[in-house]
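Everything in the sequence shown is counted per numbering that gives the first Met the number 0, starting at 0 for the first residue and increasing by one. Glycine included, C-beta positions come from ideal geometry on N, C-alpha and C. Take a look at the structure below.
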Amino acid sequence: MKKLALFAIIVLIFGTISPSLANQAYGQNDPSILLRIATQADKQIVNQLDKKYQNEIPNNINILYEKGHRAVESLDKSLSNNDIEKAKQDFLLAMNSFMQISRIISQSSEKVIVVSVSQKSNQNLESKLDRLEKYVKTLESISNKHKIEQNGNNFTTAYSLIQEIRNQINANEDSSKNIDKLKDLIKSIKNEIRNSMAEKQSNSIKNFFEKFLVQIDQKLMQAKDLGRDEIEIDRANELILEIRELLSKNQINDAKTVYSELKVVLKNIGISVKIT
């Protein structure tokens, strides 16, 4: 009977029997305690099955439960007939059936957790990919608006990568390498747009300056004919040459600084220029 009591306590480890019954089983030699333990285990298994599966209990579990439940009923009869050896066999059979059910339920729960984690991970990847795709579309819109040509059909490549990544996510395959490729491609597209827009802006500023300088040249020739201060006129011409040199080197900010100095000289000469 000590072996049975110890076995009952082992069963507790698998969460089948309540702790209060273990205290009763341990150190007692009353065979009737086995029926109480088995009956309580039966009830707990029924509760677990109802909570887990409700009315859709899998067939393999249902077979195990019927086997265990019949063993509990047989245990009751064995004890009534004072057949201790048969009671021992019935008890072990019932406990073994219930323990198997408990393990199956536990393993099933673990699988659900793993699937949930995998689904959550895929959802995060999908969300991340959606953001990247939205950013690609924004860059494409900017590129089209400013008529910026991309090297090597970058946008076509980006959309192909996005679709490939989606397929990998759906197949639970590792998509990290392709995501890194997509990020690098987006960075390249963004740099091309930035450089192209900076170049266009620079050309626009250069054209503005050149048109302005042409008018100043004409005003300086008129000022020279009117006998204005030649030193200031020569200084203005020198500054114009310096501005043109800076613009040719794409040193826009330096050209703006020199232009500020030129405006002071033009004011001394009495020249006012407005862009037309």
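Leaving out the 5 sequence neighbours to the left and right, which residues in its chain are closer than 7 angstroms to residue i when beta-carbon positions are compared?
i: E139; result: F154
i: Q88; result: none
i: K51; result: I104
i: K180; result: L160
i: L124; result: I168, S174
Spatial neighbours of residue i within its chain, please: CB distance less than 6 angstroms, with the 5 preceding and 5 following residues excluded, ordered by chain position.
i: I204; result: I251
i: Q167; result: S174
i: Q27; result: Residue placement at Q27 is poorly supported in this model, since its pLDDT is 44, which falls under 50; the coordinates still yield a value, given next. Nothing listed; no residue qualifies.
i: F13; result: Annotation note: pLDDT 41 at F13 (below 50); position unreliable, no value reported.
i: S195; result: I147
i: V116; result: Low local confidence applies: a pLDDT of 45 at V116 is under 50, so the model's placement there is unreliable, and no value is given.
i: L128; result: I164
i: E132; result: I161
i: Q214; result: V272
Just to confirm before moving on: does the CB-CB distance between residue i and residue j stay below 8 angstroms?
i: A157; j: I185; result: yes
i: V272; j: E231; result: no
i: A37; j: L74; result: yes
i: R243; j: L212; result: yes
i: E191; j: I161; result: no
i: A254; j: L245; result: yes
i: I104; j: Q43; result: no
i: I164; j: N177; result: yes
i: S201; j: N249; result: yes
i: A70; j: L34; result: no
For the alpha helix (DSSP H) that contains residue i, what are its first and last residues?
i: K43; result: Looking at the sequence provided, one finds Gln at residue 43 rather than Lys. 31–52 is the extent of the alpha helix (DSSP H) around Q43.
i: L240; result: 229–247
i: E67; result: Note that residue 67 corresponds to Gly in the displayed sequence, not to Glu. That run of the alpha helix (DSSP H) goes 58–79.
i: D279; result: The requested residue 279 is not part of the displayed model; the chain covers only 0 to 275.
Could you pull out every residue in the same chain whose Cβ sits closer than 8 angstroms to the Cβ of residue i, ignoring the five residues on either side in sequence?
i: E260; result: L238
i: P30; result: M0, L78, I83, A86
i: E229; result: K223
i: I100; result: I44, Q47, L48, I60, L63, Y64, G67
i: K2; result: Because the pLDDT at K2 is just 42, under 50, the model does not fix this residue reliably, and the value given afterwards should be weighed accordingly. Counting only Cβ-Cβ distances below 8 angstroms, and skipping sequence neighbours, we find nothing.
i: N267; result: D228, E231
i: V257; result: L238, E241, I242, L245
i: E198; result: none
>> Give the list of continuous alpha helix (DSSP H) stretches no shorter than 4 residues that lie fully inside the segment 129–188.
In response: 153–169
> Hey, is the segment 234–246 in contact with the segment 181–200, meaning 3+ C-beta pairs nearer than 8 angstroms?
Replying inline: no
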